[in-house]
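Enquirer:
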Amino acid sequence: MSNEDKVREVLTEQGKLPGNVAELGIDDDLYQAGLTSHASVNVMLAIEDEFDIEFPDEMLKKSTFASIAAIDAAVQQIQSES
Amino acid sequence: MSAPASNEIAAIAATIGRDIAGPAAADVDKNARFPIEAITALREANLMSALVPVDEGGSGASLVEVGEAVFGLSQHCASTAMIFAMHHIQVACLVRHERTAELQKLQDQLVAEQLLFGSATTEKGIGGDVRSSTCAVERDGDTFTLVKDAPVISYGEYADVIFATARRTPDSPPSDQSFVACLKSGLTLESTSTWDTLGFRGTCSPGFVLSATGPTSLIFEDSYSDISAQTMLPTAHTLWAHVWLGIATSATNKAREFVRGAARRAPGTTPPGAIRLADLMSHLQQFQETANGAARRFDELADDRTAVSAARFAIMMNGVKISASTLVIEIVSKALLIVGIAGYRDGGKFGLGLQLRDSYGGALMVNNDRIALNTAQMLLVTKG
Numbered sequence: 901m902s903n904e905d906k907v908r909e910v911l912t913e914q915g916k917l918p919g920n921v922a923e924l925g926i927d928d929d930l931y932q933a934g935l936t937s938h939a940s941v942n943v944m945l946a947i948e949d950e951f952d953i954e955f956p957d958e959m960l961k962k963s964t965f966a967s968i969a970a971i972d973a974a975v976q977q978i979q980s981e982s
Numbered sequence: 017m018s019a020p021a022s023n024e025i026a027a028i029a030a031t032i033g034r035d036i037a038g039p040a041a042a043d044v045d046k047n048a049r050f051p052i053e054a055i056t057a058l059r060e061a062n063l064m065s066a067l068v069p070v071d072e073g074g075s076g077a078s079l080v081e082v083g084e085a086v087f088g089l090s091q092h093c094a095s096t097a098m099i100f101a102m103h104h105i106q107v108a109c110l111v112r113h114e115r116t117a118e119l120q121k122l123q124d125q126l127v128a129e130q131l132l133f134g135s136a137t138t139e140k141g142i143g144g145d146v147r148s149s150t151c152a153v154e155r156d157g158d159t160f161t162l163v164k165d166a167p168v169i170s171y172g173e174y175a176d177v178i179f180a181t182a183r184r185t186p187d188s189p190p191s192d193q194s195f196v197a198c199l200k201s202g203l204t205l206e207s208t209s210t211w212d213t214l215g216f217r218g219t220c221s222p223g224f225v226l227s228a229t230g231p232t233s234l235i236f237e238d239s240y241s242d243i244s245a246q247t248m249l250p251t252a253h254t255l256w257a258h259v260w261l262g263i264a265t266s267a268t269n270k271a272r273e274f275v276r277g278a279a280r281r282a283p284g285t286t287p288p289g290a291i292r293l294a295d296l297m298s299h300l301q302q303f304q305e306t307a308n309g310a311a312r313r314f315d316e317l318a319d320d321r322t323a324v325s326a327a328r329f330a331i332m333m334n335g336v337k338i339s340a341s342t343l344v345i346e347i348v349s350k351a352l353l354i355v356g357i358a359g360y361r362d363g364g365k366f367g368l369g370l371q372l373r374d375s376y377g378g379a380l381m382v383n384n385d386r387i388a389l390n391t392a393q394m395l396l397v398t399k400g
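Protein sequences, first through last, are from chains A and B.
Residue numbering for the first sequence is 901 to 982, as defined by this note's numbering.
Residue numbering for the second sequence is 17 to 400, as defined by this note's numbering.
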């Protein structure tokens, strides 16, 4: 499974988005799609679990979770730095 | 008259507090009426635009300086101070997030006319969650309309502009919110309840159905989520803390005067309340540091939008709100134990009824349990 697919799977399970995650483009704004700050915490925990990574505090900001592409990029950045 | 220098605003506010807000405070409280004389004096002193930069006609004040002004008022009338604080929270949002010509024009008007800004962030049916809206901004060409059923709009009838949250479009999910400046000229308010509360009675905050229309350029381009994280929450928690600090200080001053009186009556002995007063002072000192520290921290980081958006900063500000709103109740209660029956009795120079009633408002306005839950969620993901 690609990273993007894993991110989509996490969003489906934890994002509590009103629409269908499969229909979101990778650059679509997740907050405009209904991602709340509460749900974004659960998404983040699930992403950490899925990829066996830890988000450093400086990456805990809204923009990190703004789109599927942004989450994907953040995961790659953490993986490349570890 | 031009804008006062930023380092003068605290002293001006303290004078208005002592000479105008204080003498009216009992009547404002008794009749749950708007403190019109104090707000008029603050407008005449050009304090409403304190946060606007100097080269744009304001005082260019820091949050520390505005916090001190709020504190100076609150020792004399907490309702006046809360109105002044809430106004400046909205001004901070405007100054830090205006992007459209219409919003810049509104800032000019604030400077010239010393407008009073209010806000409508809560809504019926959302359970107190200000980061969620049912109502939506509807656009028709260059015009927006908005109808919001708000359970509370502080001094709604007296505000010149009401800043409201709403879903960005009728198709947006509840958390995707816009922030809209609703000018009085395009605004109708239909009262839905009365304001007869234990404390903060002068803020006159009943419920209204707000119906607004105006040019779409009065809608902030920044999302409310950004405005909330970067400006509204930190400035609200900081300035509210200064309101509560003023209440705590006024109660402590009464306790101190009471103990001194007791000492004078029995020279050579330490009155029983003196030890309690010493304990009280250490709590007040802790409170001062909490409130002032929050303002200093905001001023240091204000221009670093990434830092003020970070979870760590939000956790710190949530902590300020919970500590401050808890400390004010503790301090007023301790002061009451020192003063005794003279504080329990309504009126008189040691009466603490107003402070006691006002002090309980803090933990309820944005309920501390909701804030603790928000912090708890963030603590699940932050590392240090």
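Ideal Cβ positions, reconstructed from N, Cα and C, are used throughout, including at glycine.
Given the structure is predicted, the values throughout are model-derived calculations rather than measurements.
Rounded to whole angstroms, what's the CA-CA distance from S65(B) to D158(B)? Just pull it up for me.
Expert: 28 Å
Enquirer: Could you tell me which chain B residues have their CB closer than 9 Å to the CB of G934(A), listed as they occur along the chain?
Expert: S188, P189, P190, S191 and D192
Enquirer: Output needed for H113(B): all residues of its chain with C-beta closer than 6 Å, excluding positions within five of it in sequence on either side, in chain order.
Expert: F236, D238 and I243
Enquirer: How is F303(B) classed by DSSP in three states: helix, strand or coil?
Expert: In the three-state reduction of the DSSP assignment, F303(B) falls in the helix class.
Enquirer: Just to make sure I have the definition right: I need the residues of chain A whose C-beta is within less than 9 Å of the C-beta of Q106(B). Which are they?
Expert: Per Cβ cutoff of 9 Å: no residues; Q106(B) is ~22 Å from chain A at best.
Enquirer: For the pair the region 35 to 51 of chain B and the region 141 to 161 of chain B, tell me if three or more CB-CB distances fall below 8 Å.
Expert: no
Enquirer: For S902(A), I'd like the list of residues in its chain whose CB is within less than 6 Å of its CB, leaving aside the five on either flank, ordered along the chain.
Expert: none
Enquirer: Report the residue ranges of all beta strand (DSSP E) runs contained in full by the region 127 to 169 of chain B; include only those spanning at least 3 residues, in chain order.
Expert: 133 to 136, 154 to 156 and 159 to 166
Enquirer: In the region 170 to 217 of chain B, which residue ranges form an unbroken beta strand (DSSP E) of at least 3 residues, counting only runs that do not cross its ends?
Expert: 177 to 183, 193 to 199 and 203 to 207
Enquirer: Please report the straight-line C-alpha distance between R217(B) and P167(B), rounded to a whole angstrom.
Expert: 16 Å
Enquirer: Counting only C-beta atoms, is S967(A) closer than 8 Å to chain B at any point?
Expert: no
Enquirer: Since V336(B) and A257(B) are thought to touch, with beta carbons under 8 Å apart, how far apart are those beta carbons, to the nearest angstrom?
Expert: 6 Å
Enquirer: Rounding to the nearest angstrom, what Cα-Cα distance links L482(B) and T285(B) in this structure?
Expert: Given a span of 17 to 400 for chain B in the structure shown, any question on residue 482(B) remains unanswerable.
Enquirer: Does any C-beta atom of chain B lie closer than 8 Å to the C-beta of V921(A)?
Expert: no
Enquirer: DSSP on T229(B), reduced to helix/strand/coil?
Expert: strand
Enquirer: Span of the alpha helix (DSSP H) holding L911(A)?
Expert: N903 to Q914
Enquirer: By the three-class DSSP mapping on this structure, what secondary structure does F955(A) have?
Expert: coil
Enquirer: What residues from the region 120 to 144 of chain B come within 7 Å of chain A, judged by C-beta to C-beta, listed N to C?
Expert: Of all residues in the region 120 to 144 of chain B, none has a Cβ within less than 7 Å of some Cβ in chain A.
Enquirer: In terms of DSSP beta bridges, what is F224(B) paired with?
Expert: A166(B) and S207(B)
Enquirer: Please report whether the beta-carbon of T322(B) lies at a distance below 8 Å from any beta-carbon of chain A.
Expert: yes
Enquirer: Between the Cα of V163(B) and the Cα atoms of E81(B), C198(B) and S188(B), which residue gives the shortest distance?
Expert: It is C198(B) whose Cα lies nearest to the Cα of V163(B).
Enquirer: Assuming contact is defined by CB atoms lying nearer than 8 Å, are L89(B) and F100(B) in contact in what I supplied?
Expert: yes
Enquirer: Just the chain A side, please: which residues come within less than 8 Å of R328(B) by C-beta, in chain order?
Expert: D957 and L960
Enquirer: Cβ atoms of V127(B) and T137(B): under 8 Å apart, would you say?
Expert: Cβ atoms of T137(B) and V127(B): not closer than 8 Å.
Enquirer: Using a Cβ-Cβ cut-off of 7 Å (strictly less than) and excluding sequence neighbours within five positions of A970(A), which residues of its own chain qualify?
Expert: S963 and T964
Enquirer: Nearest-angstrom Cα distance between A379(B) and A54(B)?
Expert: 25 Å
Enquirer: Quick one: which chain B residues come within Cβ less than 9 Å of E954(A)?
Expert: K399
Enquirer: Determine the closest residue to I926(A) out of V975(A), I968(A), A946(A) and Q977(A), with distance taken between C-alpha atoms.
Expert: I968(A)
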